[in-house]
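Chains as they are written, first to last, in this note's numbering: chain U, 364 to 617; chain R, 364 to 617. Where is the CB? At the ideal position from N, CA and C, for every residue including glycine.
Number of protein chains: 2
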Amino acid sequence: MNQAKPRYQQLKDLIIGRISSGELQPADRVPSENELVESMRVSRMTANRALRELNDEGYVERVAGRGTFVSDYRSQSHLLEVHNIADEIARRGHTHTSCVIRRSPQHARGEVAKALHVQQGTDVFHLLLVHAENGIPIQLEDRHVLASFAPDCLQQDFETVTPSAYLTSISPLQEAEQVVRASLPNRAVQEHLDMKDGEASLVVIRRTWSNGRPVTFARLHHPGSRYELTGHYTPPGTSRSTSSDVVQLEELRQ
Amino acid sequence: MNQAKPRYQQLKDLIIGRISSGELQPADRVPSENELVESMRVSRMTANRALRELNDEGYVERVAGRGTFVSDYRSQSHLLEVHNIADEIARRGHTHTSCVIRRSPQHARGEVAKALHVQQGTDVFHLLLVHAENGIPIQLEDRHVLASFAPDCLQQDFETVTPSAYLTSISPLQEAEQVVRASLPNRAVQEHLDMKDGEASLVVIRRTWSNGRPVTFARLHHPGSRYELTGHYTPPGTSRSTSSDVVQLEELRQ
DNA sequence: TGTACTAGCCTGTATATACAACTTGAAGAG
DNA sequence: CTCTTCAAGTTGTATATACAGGCTAGTACA
């Protein structure tokens, strides 16, 4: 079962490990090819392949003549771009504000326990907040977080740092699953988002993994008249941009 | 401006060209590394890099001991998986039926002309059909196709081959853009999809490019109570599956 | 002081070579 | 005829080497 991994993969795993453990921070310098040749006893071509693939995959950025540097996950594509609504709003030059409605410890049950793969009654934190763009509410975030993953969750000031940004600062998010639905909001959602009677809502249900297990489960409600999801698909190989082979989902205001 | 491309990239472009021109069909054998060494006068490592990257990008599949083969775009991830509702339904073991409501030549104007980047009055074809899963309507497809791209569009039997499948058979789709909205359907949409009063609809507006220009523009309406979009995100490098670094969007019935 | 230049490091690419593991088909043994 | 074995071709990986080109810091020079 435990097949010996190729050496270039071992190198990749090693560096990814240093990044996700926090030993290597964004913009930090990664050992150069020649340094890896010496310390790891590999040939330069093997080190080159490891670093080149990490570059293709967005973990690091390489500059000829300077070196290899850890990518800044926060301003990067992949998962995180999808997650932080404050960044999305800032990108369109608007101001983001948010208002915490509830922030409390809970015991997981029913849907939440099932989504997080934990026993009924496991400690979780429940967050409920409204995000606004230029003062207009556009997202009601209803999130459950595994308490063991983020013990100091309730001490955070989520009006300055979004839960999404906080969670990614703890540990890089590694996998996510989302479902998009259209529905009529219940009374509470409708009022929090200032929606008219009969207005449809766009609901994104997102579950995020870290280190192989789900750690947070969120329902994101948006007013259908003021919100949409846009995606852009590019086939692999046509563009040389670093994120050409991922789908970028962005929330855009109409 | 016109920098000489590296040789491995030239090899990739050459093979991609043969695939998209139709010279190489899905499951066809691609020249082996050693054949490329002889015919293209490159070293085996250069040929290896070209083929390996084409494999990583999903164009081809490589089997040690056998060779390199063109991927089957139709049953593959990337763009096409997203597009064909008949395949999605078949994948869950259900039966797909569709009913053509309208099929007519038109002159593009307004939103359609703008979306397709053509002058007002340009010839397009308008298709309107309902897709059903096990007899239950789940998608109203309202599509405009550039007449110059698919001249024999009106002769097709879209009840056996979906417009999406037909269009991809003409030319590989190269780029797509989509917007997801939640809204209340108008009377016509509501009736075609057998929706209850006050039921929200999930609308996907999709524009697809081929050879650098938009060729089709579709509005896909779904009943909110019976339909959802699911997406799964995997970061690059953790999984070895061929489509690990793309987001797969699938339509799933609740 | 300030400018020009160069040495040294870095990445990017290309080649030649080698060995391992896998697949297939053909030759040979029974 | 059937089974075994083996050779040839294929991909996968690893190494050593080479040269080109970008970047930077420090030195030499004016």
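In terms of Cα proximity to R:R589, the closest of R:R570, R:V433, R:F512, R:H494 is R:H494. Residue contact with chain R for U:E522: absent (no Cβ-Cβ distance below 8 Å to any residue of chain R). The beta carbons of R:A545 and R:L565 sit about 6 Å from each other, so the pair counts as a contact at 8 Å. Within 8 Å of the CB of U:A563, the CB atoms of chain R belong to A545, S546, L547, A563, S564, G587, in sequence order along the chain.
Excluding residues up to 5 positions away in sequence, F432 lie with their Cβ nearer than 8 Å to the Cβ of U:V426 in the same chain. Remark: three or more beta-carbon pairs, one from each stretch, lie closer than 8 Å, so the segment 571 to 588 of chain U and the segment 545 to 556 of chain U are flagged as touching.
Collapsing the DSSP output to three states places R:E522 in coil.
Under DSSP, R:C516 forms no beta bridge with any residue. The alpha-carbon separation between U:E396 and U:R407 amounts to approximately 6 Å.
DSSP links U:I499 through a beta bridge to U:E496. By a beta-carbon distance limit of 8 Å, R:F512 does not contact R:V463. Their separation comes to about 19 Å. Rounded to whole angstroms, R:S383 and R:D391 show a C-alpha spacing of 13 Å. In the DSSP secondary-structure assignment, U:D505 is bridged to U:L491, U:R582. Counting only runs of 3 or more residues that sit fully inside the segment 546 to 585 of chain U, the beta strand (DSSP E) segments are 564 to 573, in chain order.
In the DSSP assignment, R:R455 falls outside any beta strand (DSSP E), carrying neither H nor E. Distance from the CA atom of U:H489 to the CA atom of R:R465, rounded to whole angstroms, is 49 Å.
For R:V481, there is no enclosing beta strand (DSSP E), as DSSP gives it neither H nor E. In the DSSP annotation of this structure, the continuous segment of the alpha helix (DSSP H) that includes U:G380 starts and ends at 370 to 383.
Sequence-distant partners of U:S434 (beyond 5 residues in either direction) whose C-beta falls short of 8 Å from its own C-beta, in its chain, are P389, G421, Y422, V423, E424.
Rounded to whole angstroms, the gap between the alpha carbons of R:T579 and R:N447 is 14 Å. Minimum Cα-Cα distance from U:A449 among the listed residues U:Y371, U:P526, U:A563 corresponds to U:P526.
Bounds of the beta strand (DSSP E) holding R:V433 are 430 to 433.
A direct Cα-Cα distance of roughly 7 Å separates R:K559 from R:Q553.
The C-beta separation of R:V393 from R:I378 comes to about 6 Å, placing the pair in contact by the 8 Å criterion.
Remark: C-beta atoms of U:L592 and U:V543 approach each other more closely than 8 Å.
Around the beta carbon of U:I499, fewer than 16 other beta carbons lie within 10 angstroms, which makes this residue exposed. Taking C-beta separations shorter than 6 Å and ignoring five residues to either side along the sequence, the partners of R:L556 in its chain run P500, L503, P586, following chain order.
With fewer than 16 neighbouring CB atoms inside 10 Å of its own CB, U:K368 falls in the exposed class. DSSP, reduced to helix, strand and coil, places R:L592 within a strand of the structure shown.
Around the beta carbon of U:S573, a 10 Å sphere encloses 16 or more other beta carbons of the protein chains shown; the residue is thus reported as buried. In this structure, U:A563 places its C-beta atom within 8 Å of the C-beta atom of R:A563.
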